[in-house]
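Q: In order, the protein sequence lines correspond to chains A and B.
Here the first sequence is numbered in my numbering, starting from 578 and rising by one per residue.
Here the second sequence is numbered in my numbering, starting from 94 and rising by one per residue.
What follows is a single structure, and I will ask about it in a moment.
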Amino acid sequence: MLKFCVKRLAFLPFVMFGVTALLFACLQFLSPEMRASLYIKDPRQLSQLDAVIEKYGLRKPVYIQYGLWLKQVAHGELGYSETAKMPVAQAIKAFFPATFELTLIAFIPIMVIGVYFGVLSAVYKDRLIDHVSRFVAITGYSLPSFVLGLGLLMVFYGKLHWFPPGRYGLETDMLVHLDTFRHYTGLLTLDCLLNGEWTAFTDVAKRMVLPGATLLYISVALLLRITRSSMLEELSKDYVRTARAKGLPESVVIRKHALANALIPVVTLSSLLFIGLLGGVVITETVFDFPGIGRWGVQAAQQLDIPGVLGSTLLAAFLFVMANLASDLLYAVVDPRIRVG
Amino acid sequence: MSARITPMIRLFLVVALALGSFPTNVFASAKNPTTYTYLTISDADSLDPAYSYDTASHMIVLNLYEPLFQFDKTSTEKLIPLIASGVPSRENGGISPDGRTYTITIRKGVKFHDGTLLTPEDVKWSIQRFILIDRAAGPSSLLMEPLLGYASTRGDDGKLLPTVWEDVNRAVSVQGDKLILRLPKPYAPLLTILASWAPVLSKAWAGKNGDWDGTEQTWQKYNNPSKESSPFFERAMGSGPFKLDRWDRKTKEFILTRNDAYWRAPAKIKNVVIKGVNEFGTRKLMLQAGDADAIYADRPLLTQLQGIPGVKIIDDLPTVEMNPVVFFTYKINAVGNSFLGSGKLDGNGIPPEFFSDKDLRKAFAYSFDYKGFIADVMRGKGTQATGAIPKSLPGHNPNGKKYSLDKKKAEEHFRKAYGGKLWEQGFKFTIAFNTGNLPRQTVCQILKRNIEGLNPKFKIDVRAVEWPTFLDAYKASKLPIFVMGWNADYPDPHNFAFPLLHSKGDYPTTQRFKNPEFDRLVEEANAETAIAKRKVIYAKLQDLAYEEVPQLYIIDAVRYRTQRDWVKGWFHNPIFPDSPYGGYFYSLSKE
């Protein structure tokens, strides 16, 4: 098992090198003037375009710029992100915990509800619960997240004043930036609790309800559908018929026999889902004014903020490899016939 | 199994209700009465006054620091003293008879946010620093030109000019409690520039935090710096009505707190929150819920804010901008240029000198529907521009000649252009605009529709390009026509006349348009300090621009503001950065 993990982790630098080299190769197509657009935003600055190109060394061949960037990486620096207005490493540290927290808050219900209702749908195929689950799943899957997000905001914030957008209100903002507030985990809800700040916790938690619910609703559909079809397939197999013939209770047949086998594609999908959420959910973060990694990554890409793009890509590559590794390990847990190593 | 659904849903509802039951948005009158919250879409670049050249940063700077003078409330002409104890003039001897020496007495008793006293040395150092920092694409040239006579501390080779230190010390000095500014030649807009730029920073604080110490030996190290290297990038030490509590770059939020030791009466509002929220729907809901006191909204979205209880829209506010403007490139760069078509006057393209023909430019001017644009795109707000200088500035001639949509005259000039060959052969080329700018897009489409309607052989493609692509083509003079605009750095006609009409200005350089008469008039007006004489010169410039048509000026735009009706004390000065949306918060209160 350890050997397997080490082998997969050893692969990580090559993946990262590959994606960054590919990105730099793409930059060959952009002129220095185009790349200078990151620094020139106003017509008043246009006369200084050459000076900007000179200052940031944008006329140097791309392979030299890549070499310089790799040199920076070797020194533990990832460059400066113009869009985040901070060094890339600092930006990742600033944006990633928020996304991670939101992902955790959304992912656990996604798993529970997706698998639970997926199984129910399969077990009660063509019954009311199946129709309702599928209807809800299809609407969630087909509903654009900004429509759902804005709709939720209008009702639960605009009308009911329950769940405001943003990361925190002014009072919490002041509090969490005090020297006395300790950031134990980087996860704000948890840190508020650990600091004994119940009001701040409530404020932060309330602001995560709607983005969490949006992610839940738009993401749960796929998991529910996969669980359902996988369960249906397993339930039609001979070993299930045999188990039933042996007189095992239906709950045991479903949970111990069919579900265990049906979970393998669910594990694959859920790891991809988790990565997708961790990589940042741009529209949800934008609608709810949530300062996550996705919003930053897209902004960096739109504005040709090369260090920002490279930093967020590196993070995505890292997460992808780690999630693949985790799902490989989970296969063995779900199905004892699979061994890793 | 289905029986277990109910407890799960019940649990969710209980959690939701428990969290929702805390009253965050319950309000009867002004919500958070001591805090003013403004939601914007802009992202500040740097808080260093010598580095930042964007509206979002400059707005924060305006509230944290103070320049020598400030515009009196809504005026763009009358100045009131801030760090200076009076406004210099020829009458009071503050400006020498030859217009080249300014003597400014510095106010006593002003304190920085750390409690230290502001001195004339701080003022001198701040102005010198503003010039010497001179970052690429920064604002330093605004003061360098009047005080040093040139626009960059570096030559074309990127090396520092040898006389910079000597020049800056000759230009900016202190005698007792007086700041002395010596100009190489008279420069009429100097006071308005000083009212908008180079506010006073604490030299002592800067020294302690690793910034320039004011000496000859070290200034080169701070020239053209990286943004984040400045201690003023994310911190501040000024004397303004507000102190910087924090710039949270993660949440794109600025929190300012009242400076209770301010030399004037302290601001009425205790906290100011300026926050970037990109999504309009979210901004609207926050304004509606009272969590925001003012928000930025594009004009087409304004209808969505009308009728919301407690929300006020203040419209028809003047601007100091000229936007959009249609620019003709006189000599288009034909190398690898897809905007030109065949590159010849053969009906499938245009030659590089296409727009050097005056009749052609006039034909385009008569082909644009100015009234329709204002009525439909700007919803009837604004008036047709009569020249490059907006009507809120002196030098604007409201009676100046202007073009109107006249298809007969347009055809007449098209027939005259290129000795009649153009009308026979036809043409084809592409107009580009930067993606996402609806007014500019509409300008292109109006030109296309009207011109193509005159002759089936006339073909114009309209192409939306991303900003990087636009910039690339713009810089290389590859765009036959481009649509852009200009916002004032300071409220003086020279700030429009030079960049738009002088051959060394930003736009004529790219247009490759040069006319010695334009240059002469722009320079003459700038050297003249008597406003009446300047107006006469600018009127001549305006007439010449009408006759030569290097650009099409479309609208003297107006702006608007959306705020809660509990916000009191707000006023609009178009030169304040981001006004009317953001601006100056000193006079605000909530009732």
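No residue lacks a Cβ here, since even glycine has one placed at the ideal position from N, Cα and C.
These numbers come from a predicted model, not from an experiment.
Output, in chain order, the set of chain A residues within a Cβ distance shorter than 8 Å of residue 579(B).
A: 620, 621
Q: Would residue 436(B) and residue 444(B) qualify as a contact pair, given that the criterion is a beta-carbon distance under 8 Å?
A: yes
Q: Residues of the region 606-618 of chain A with a CB closer than 9 Å to any CB of chain B: list them in chain order, please.
A: 607, 608, 609, 610, 611, 612, 613, 614, 615, 616, 617, 618
Q: Residues in the same chain with beta-carbon distance under 7 Å from residue 630(B), minus the five sequence neighbours each way, listed in chain order, please.
A: Cβ neighbours of residue 630(B) beyond the five flanking positions: 614, 617, 618, 621.
Q: Which same chain residues, not among the five before or five after residue 511(B), have their C-beta less than 7 Å away from its C-beta?
A: 438, 450
Q: Within a Cβ cutoff of 8 Å, which residues of the same chain sit near residue 140(B), ignoring the five residues on either side of it in sequence?
A: 150, 153, 154, 157, 325, 326, 327, 328, 329, 337, 340
Q: Sort 122(B), 164(B), 144(B) by Cα distance to residue 219(B) and report the nearest one.
A: 144(B)
Q: Going by DSSP in three states, residue 156(B) sits in which element: helix, strand or coil?
A: Of the three classes helix, strand and coil, the one that applies to residue 156(B) here is helix, per DSSP.
Q: Please state whether the Cβ-Cβ distance between residue 963(A) and residue 675(A) is less than 8 Å.
A: In the structure as shown, chain A starts at 578 and stops at 918, and residue 963(A) therefore has no counterpart that could be examined.
Q: Should residue 624(A) be flagged as near chain B, meaning a C-beta pair shorter than 8 Å?
A: By this cut-off, residue 624(A) is an interface position.
Q: Please report the residue range of the alpha helix (DSSP H) in which residue 611(A) lies.
A: The continuous alpha helix (DSSP H) containing residue 611(A) extends over residues 609-612.
Q: Give me whichever residues DSSP pairs with residue 791(A) in a beta bridge.
A: Note: residue 791(A) sits in no beta bridge, so no partner.
Q: Does DSSP classify residue 666(A) as helix, strand or coil?
A: helix
Q: Which two residues bound the contiguous alpha helix (DSSP H) that contains residue 129(B)?
A: Run containing residue 129(B): none in the alpha helix (DSSP H); it sits in the beta strand (DSSP E), 128-133.
Q: So, with DSSP's three-state summary, where would you put residue 588(B)?
A: helix
Q: Ignore the nearest five residues each way along the sequence and tell me which others in residue 385(B)'s own chain have a CB closer than 6 Å to its CB.
A: 130, 132, 379
Q: What whole-angstrom Cβ distance do residue 871(A) and residue 665(A) have, given they're in contact under 8 Å?
A: Wrong, their Cβ atoms sit about 16 Å apart, outside the cutoff.
Q: Among all the DSSP beta bridges, which residues are the ones paired with residue 194(B)?
A: 275(B)
Q: Quick check on the DSSP output: the alpha helix (DSSP H) that includes residue 630(B) runs from which residue to which?
A: 624-641
Q: In whole angstroms, what separates the C-alpha of residue 635(A) from that of residue 811(A)?
A: Spanning the two alpha carbons is a distance of roughly 58 Å.
Q: Within a Cβ cutoff of 6 Å, which residues of the same chain sit near residue 644(B), ignoring the five residues on either side of it in sequence?
A: 418, 420
Q: Counting only Cβ pairs nearer than 8 Å, list the residues of chain A close to residue 381(B).
A: 735
Q: Going along the region 715-739 of chain A in order, which residues come within less than 9 Å of chain B, judged by CB to CB distance?
A: Listed by position, the residues of the region 715-739 of chain A near chain B (Cβ gap below 9 Å) are 723, 726, 727, 730, 731, 733, 734, 735, 737, 738, 739.
Q: Mind checking the region 651-681 of chain A against chain B and listing, in chain order, the residues whose C-beta falls within less than 7 Å of any C-beta there?
A: Taking 7 Å as the Cβ-Cβ cut-off against chain B, the residues of the region 651-681 of chain A that qualify are 657, 661, 662, 663, 671, 672.
Q: Return helix, strand or coil for residue 527(B), following the three-state DSSP convention.
A: strand
Q: Relative to chain B, which residues along the region 751-779 of chain A have a C-beta separation below 7 Å, given in chain order?
A: Residues of the region 751-779 of chain A with a Cβ closer than 7 Å to any Cβ of chain B, in chain order: 754, 779.
Q: Going by other Cβ atoms of all chains shown within 10 Å of its Cβ, with 16 needed for buried, is residue 501(B) buried or exposed?
A: exposed
Q: In this structure, does DSSP put residue 321(B) in helix, strand or coil?
A: helix
Q: Out of 618(A), 873(A), 845(A), which one is the CA nearest neighbour of residue 856(A)?
A: Checking every option, the nearest Cα to that of residue 856(A) belongs to 873(A).
Q: Just to confirm my understanding: we take residue 516(B), look at its own chain, exclude 5 residues before and 5 after, and list those with CB closer than 6 Å. What are they?
A: 507, 508
Q: Which residues in the same chain as residue 214(B) place their Cβ atom closer than 7 Å to its Cβ, once the five residues preceding and following it in sequence are excluded?
A: 267, 296
Q: When you compare only the Cα positions, how much space is there between residue 626(A) and residue 579(B)?
A: 17 Å
Q: Taking 8 Å as the CB-CB limit, is residue 631(A) close to chain B?
A: yes
Q: In chain order, what are the residue ranges of uninterrupted beta strand (DSSP E) at least 3 long that sit wholly in the region 300-386 of chain B?
A: Complete beta strand (DSSP E) runs here, min 3: 335-341, 346-351, 364-369.
Q: Please list, in chain order, the chain A residues whose beta carbon lies closer than 7 Å to that of residue 560(B).
A: Going along chain A in sequence order, the residues near residue 560(B) (Cβ under 7 Å) are 614.
Q: Can you tell me the Cβ-Cβ gap for residue 764(A) and residue 758(A), rounded? I've got them flagged as a contact below 8 Å.
A: Not really, about 13 Å apart at Cβ, beyond 8 Å.
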